[in-house]
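Q:
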Amino acid sequence: MRFALRNRRTMAEHHNEQEEQRRNKLAEIRQMGVNPYPATFTKTHDAHQIVTGFSDDTQEQFADVAVAGRVMAVRRMGKASFCHLQDHSGRVQIYFKRDDVGEEAYDVIKKLDLGDIVGVRGHVFKTQTGETSVYAKEFTLLTKSLAMIPIAKEEVNEDGTVTRYDAFADKEQRYRKRYLDLIANPEIKDVFVKRARIITAMRRYFDERGWLEVETPVLQPIYGGATARPFVTHHNALDIELYLRIADELYLKRLIVGGFEGVYEISKNFRNEGMDKTHNPEFTSMEIYVAYKDYLWMMEMTEDLLATITRDVNGSDIITMNGTEISMKPPFRRARMFDLFQEHTGMNLRGLSRDELVAAAQTIGVPVDPSWSAMKVLDEIFGERVEHHLVQPTFVIDYPVEMSPLAKAHRSEPGLVERFELFINGKEVANAFSELNDPIDQRQRLEEQARIRAAGDFEAMVVDEDFLHAIEVGLPPTAGLGIGVDRVVMLLTGNDSIRDVVFFPQMRPERTLSDGHE
RNA sequence: GAUCUCGUAGCUCAGCUGGCUAGAGCAUUUGACUUUUAAUCAAAGGGUCCUGGGUUCGAGUCCCAGCGAGAUCACCA
16 MRFALRNRRT
26 MAEHHNEQEE
36 QRRNKLAEIR
46 QMGVNPYPAT
56 FTKTHDAHQI
66 VTGFSDDTQE
76 QFADVAVAGR
86 VMAVRRMGKA
96 SFCHLQDHSG
106 RVQIYFKRDD
116 VGEEAYDVIK
126 KLDLGDIVGV
136 RGHVFKTQTG
146 ETSVYAKEFT
156 LLTKSLAMIP
166 IAKEEVNEDG
176 TVTRYDAFAD
186 KEQRYRKRYL
196 DLIANPEIKD
206 VFVKRARIIT
216 AMRRYFDERG
226 WLEVETPVLQ
236 PIYGGATARP
246 FVTHHNALDI
256 ELYLRIADEL
266 YLKRLIVGGF
276 EGVYEISKNF
286 RNEGMDKTHN
296 PEFTSMEIYV
306 AYKDYLWMME
316 MTEDLLATIT
326 RDVNGSDIIT
336 MNGTEISMKP
346 PFRRARMFDL
356 FQEHTGMNLR
366 GLSRDELVAA
376 AQTIGVPVDP
386 SWSAMKVLDE
396 IFGERVEHHL
406 VQPTFVIDYP
416 VEMSPLAKAH
426 RSEPGLVERF
436 ELFINGKEVA
446 NAFSELNDPI
456 DQRQRLEEQA
466 RIRAAGDFEA
476 MVVDEDFLHA
486 IEVGLPPTAG
496 LGIGVDRVVM
506 LLTGNDSIRD
516 VVFFPQMRPE
526 RTLSDGHE
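Each residue of the first sequence is one higher than the one before, counting from 16 in my numbering.
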């Protein structure tokens, strides 16, 4: 009966047996004169502090503690009961004895359900079997839970590991109802704590160097800075179409034009494209622009940044992904794109025409569509033959100009731009260039994009006249970098799905009942 | 968008080539038990078998369509 869970809100009158029982208990508790939803509770300790801090030597400090949390297990034995409370730090066992906690409180304790939130005051002790527990003297119901919660039984093994029986494992329900996932599988909180630490470390790194965190528009009249399809929305008062940003690049460069010499933004971007293990329609990116620097400098900054973050959150330079060790210790390998082609295909693809590239692809057995552009063919060969080799951090540098309409022409290599992409574990993690600041060149590049767009490629860029005007006013030499924050989090937490590093990944809407409940 | 796999109780799952009133463990209810710990013991309740069609004497099971999910591929960060 999946839809019973899914459409609870639309079926307010329809409760199953167990939910009906909980509502009855709620009424009974109210009749006993107990408020099932009081306003506050004063905690003195976290579960973790008690479990790790209590000993024969410290028992004085734990003579009077107050803890609160969600009831995760109850074992009743007539006039005494044990339960496990779970708070943000972990679990602790509570011992309730009717003669100590009082008969009225014990009557409420008898009605406790898994998922209720309670507060307990008492002293800490060790049970006969040696588990550190709180011996309750006072009990307060803090929140009566009315909905069923998929709490599984757990066994703590001798080595301290936990075996969970019949755990809440349905990926769909875990993503849709993340609050249940967090309750039932609390260890996933570590991923999100680490995510927060990564972002904090990144911010600290930039702030320490004097670069300014800024905010630029999410709603943009012209989208740009990347090749992607946008989400479209409508502003009623202005009666115009607006686009959710696909990148913040063009606005951040305007700020460098305006005189800031280092700006960064950590922001959600939105791309109206497919979803899979590494793509969510909204995702977090970090973009930073620093004046008077180039992509060579940016490579050093990037490897130092990522090494610093890795050490901060993982305490080591080594990360392990599906059993593969990846060293985040600088310097990272640097390889020119066409050298990598040479290395992994044995062919020199530099300067080949489209037809020659198609022929080359066929020679090495990469299937290509003859209608594709030269750049598309090159990209395909890279994806098929090169990318998955780039497990250890590798800067791929010096891309063809056609692939990079916002990057500065290479200072010594005609036809290439000063750009790098950083690959780790076979996936792109960062993208950066010496920013194009030649206004004539920039205009030509965007106009070329417009032609590609007119020819039917909706991902090609749109000409942004105001941005071009800003470049004409004068952008100093500038290095820019974008990092896929979700991907960094995936790497540092060992997850291979973006859905496991985002609290609420995008899901198809659930089906509603056909009979008009909605 | 394509292909494959899956959808049975609150949770985790059985249910063979279609055949009695659809099962188990946990969870729930009632009773016993004042240091238990996957507590135990006794009894009980709980199901639109994802949805809609079809085949059949008979469908959880077979067929078709739809919805949702996961995996793989394609596009992208």
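For glycine and all other residues, C-beta sits at the position ideal for the given N, C-alpha and C.
#1: What does DSSP give as the partner residues of Gly494 in its beta bridges?
#2: Could you compute how far the alpha carbon of Glu228 sits from the alpha carbon of Glu443?
#3: Helix, strand or coil: how does DSSP classify Tyr52 here?
#4: Between Thr242 and Leu161, what straight-line distance do the alpha-carbon atoms span, to the nearest angstrom?
#5: Give the secondary structure of Tyr190 by DSSP, where H, G and I count as helix, E and B as strand, and everything else as coil.
#6: Terminal residues of the continuous beta strand (DSSP E) containing Val135?
#7: Using only CA atoms, which one of Asn452, Ile513 and Pro51 lies nearest to Pro296?
#8: State the start and end residues of the unbroken alpha helix (DSSP H) segment that holds Val206.
#9: Using 8 Å as the Cβ pair cut-off and three pairs as the minimum, do the region 434-452 and the region 401-421 touch?
#10: Can you tell me whether His250 is buried or exposed? The criterion is at least 16 other CB atoms within 10 Å of its CB, across all chains shown.
#11: How far does the beta strand (DSSP E) with Pro415 in it reach, from first residue to last?
#12: Look at the alpha carbon of Met522 and the alpha carbon of Arg191, and state the distance between them as a whole number of angstroms.
#13: Classify Lys125 as helix, strand or coil using the three-state DSSP reduction.
#14: If you measure between the beta carbons of Ile455 and Arg434, is that distance less than 8 Å?
#15: State the beta-bridge partners of Arg349 as determined by DSSP.
#16: I need the straight-line Cα distance from Gln74 to Leu311, nearest angstrom please.
#17: Given a cut-off of 8 Å, decide if Thr409 and Lys268 are closer than it, judged by their beta-carbon atoms.
#18: Using only CA atoms, which one of Gly93, Phe97, Gln188 and Lys125 lies nearest to Gln143?
#19: According to the Cβ coordinates, are Tyr238 and Ile261 closer than 8 Å?
#20: Measuring only from the beta carbon, is Ile255 closer than 7 Å to any heavy atom that is part of the ligand MG?
#21: Hey, how far is the Cα of Tyr258 from the Cα of Gly361?
#22: Closest by CA to Lys391, which one among Glu170, Pro415, Asp354 and Ile255?
#23: Pull up the distance between the alpha-carbon of Ala151 and that of Tyr266, whole angstroms please.
#24: Throw me the rounded Cβ distance for the Ala465 and Thr323 pair, which I believe falls under 8 Å.
#25: Would DSSP call Phe77 helix, strand or coil?
#26: Just how far apart, CA to CA, sit Ala182 and Arg193?
#27: Measuring alpha carbon to alpha carbon, tell me which of Ile303, Gln46, Met47 and Pro520 ends up nearest Met290.
#28: Quick check: what's the CA-CA separation for Met313 versus Phe246?
#29: In this structure, how does DSSP classify Val383 when only helix, strand and coil are distinguished?
#30: For the region 298-310 against the region 479-499, do three or more pairs of beta-carbon atoms, one drawn from each stretch, fall closer than 8 Å, so that the two count as touching?
#31: Taking the continuous alpha helix (DSSP H) assigned at Val272, which residues delimit it?
#32: Taking buried to mean at least 16 other C-beta atoms within 10 Å of its own C-beta, is Thr335 buried or exposed?
A: Reading from the atomic positions:
#1: As a working mapping, residue 494 is identified with position 479 in the first sequence. Residue identity differs from the one stated: residue 494 is Ala in this sequence, not Gly. Bridge partners of Ala494: Val305 and Ser449.
#2: Numbered from 1 along the first sequence, position 213 holds the residue referred to as residue 228. Numbered from 1 along the first sequence, position 428 holds the residue referred to as residue 443. Distance between the alpha carbons of Glu228 and Glu443 is about 24 Å.
#3: By one-based count along the first sequence, residue 52 stands at place 37. Coil.
#4: Stepping through the first sequence from its first residue, residue 242 is reached at position 227. Stepping through the first sequence from its first residue, residue 161 is reached at position 146. Those two C-alpha atoms are separated by around 48 Å.
#5: The residue you call residue 190 lines up with position 175 of the first sequence. In the structure shown, Tyr190 sits in a helix (DSSP, three-state: H, G or I).
#6: Along the first sequence, one-based indexing puts residue 135 at 120. Element bounds for Val135: Ile132 to Lys141.
#7: Translated into positions along the first sequence, residue 296 becomes position 281. When only C-alpha atoms are compared, the closest one is Ile513.
#8: Residue numbering aside, residue 206 sits at position 191 when the first sequence is read from its first letter. That run of the alpha helix (DSSP H) goes Lys204 to Glu223.
#9: yes
#10: To locate residue 250, count along the first sequence from 1; it is residue 235. Its Cβ having fewer than 16 others within 10 Å, His250 is exposed.
#11: In the first sequence, the residue the question calls residue 415 occupies position 400. It spans Thr409 to Pro415 - the beta strand (DSSP E) in which Pro415 sits, taken as one unbroken run.
#12: As a working mapping, residue 522 is identified with position 507 in the first sequence. As a working mapping, residue 191 is identified with position 176 in the first sequence. Using only the alpha carbons, I get a separation of about 7 Å.
#13: Numbered from 1 along the first sequence, position 110 holds the residue referred to as residue 125. Lys125 falls in the coil class under three-state DSSP.
#14: Walking along the first sequence from the start, residue 455 turns up at place 440. Walking along the first sequence from the start, residue 434 turns up at place 419. It is not a contact, given that the beta carbons lie outside the stated cut-off.
#15: Within the first sequence, numbered from 1, the residue matching residue 349 stands at position 334. Bridge partners of Arg349: Phe410.
#16: Residue numbering aside, residue 74 sits at position 59 when the first sequence is read from its first letter. Residue numbering aside, residue 311 sits at position 296 when the first sequence is read from its first letter. If you take the alpha carbons of Gln74 and Leu311, they lie about 59 Å apart.
#17: As a position in the first sequence, residue 268 is number 253, starting the count at 1. As a position in the first sequence, residue 409 is number 394, starting the count at 1. No. Outside cutoff.
#18: Residue 143 sits at position 128 when you count from the first residue of the first sequence. Per the Cα distances, Phe97.
#19: Taking the first residue of the first sequence as position 1, residue 238 is located at position 223. Taking the first residue of the first sequence as position 1, residue 261 is located at position 246. Contact: yes.
#20: Summarising the ligand content, the structure contains no ligands, and the ligand MG is consequently not present.
#21: Translated into positions along the first sequence, residue 258 becomes position 243. Translated into positions along the first sequence, residue 361 becomes position 346. Looking at the two C-alpha atoms, the distance is approximately 43 Å.
#22: The residue labelled residue 391 in the question sits at position 376 within the first sequence. The residue with the shortest Cα to Cα distance from Lys391 is Pro415.
#23: Taking the first sequence and counting its residues from 1, the one referred to as residue 151 is at position 136. Taking the first sequence and counting its residues from 1, the one referred to as residue 266 is at position 251. Each residue's Cα considered, the two are about 59 Å apart.
#24: Here residue 465 is taken as the residue at index 450 of the first sequence, counted from 1. Here residue 323 is taken as the residue at index 308 of the first sequence, counted from 1. About 40 Å; that fails the 8 Å criterion.
#25: Position 62 of the first sequence, counted from the first residue, corresponds to residue 77. DSSP places Phe77 in helix when its eight states are reduced to three.
#26: The count along the first sequence starts at 1 and reaches residue 182 at position 167. The count along the first sequence starts at 1 and reaches residue 193 at position 178. C-alpha separation (whole angstroms): 14 Å.
#27: As a first step, residue 290 must be located in the first sequence, where it is residue number 275. Looking at the Cα atoms, Pro520 is the closest of the given residues.
#28: In the first sequence, residue 313 corresponds to position 298, counting from 1. In the first sequence, residue 246 corresponds to position 231, counting from 1. Rounded to the nearest angstrom, the two C-alpha atoms are 31 Å apart.
#29: Position 368 of the first sequence, counted from the first residue, corresponds to residue 383. Here Val383 sits in coil by DSSP.
#30: yes
#31: As a working note, residue 272 is residue 257 in the first sequence. Glu264 to Val272 is the span of the alpha helix (DSSP H), which, as asked, contains Val272.
#32: The residue labelled residue 335 in the question sits at position 320 within the first sequence. When all chains shown are included, Thr335 counts as exposed.
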